[in-house]
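Notes follow the structure.
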Amino acid sequence: MRMTYNMKEARQRTYLSQKMGRLWRIEKSQIVSKIQKASSDEELVKLKPSNVQSMGD
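Taking this note's numbering, the leading residue of the sequence shown gets 6, the next gets one more, and so forth.
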């Protein structure tokens, strides 16, 4: 996904970068937690997004 933002002030760019970084870290933490809780390969396969191909496929 690619979006364009019109930010003229440095504080706007700083705020947006920090906000996006926090959101990315939250999402990554949630994914890692789900992966760590998965007890079998079948559960891991269910967590994989449909647009990502496995190495074994």
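Just so you know, even glycine gets a beta-carbon here, dropped at the ideal spot from N, CA and C.
Taking the CA atoms as reference points, S45 sits about 21 Å from N56. In chain order, K39 place their CB closer than 6 Å to the CB of L52, counting only its own chain and leaving out the 5 sequence neighbours on each side. Inclusion of M25 and R18 in the CB contact set at 8 Å is not warranted, their separation being larger than that value.
For S34, the uninterrupted alpha helix (DSSP H) segment begins and ends at 15-42. Note on geometry: alpha-carbon atoms of A43 and R16 lie some 41 Å from one another.
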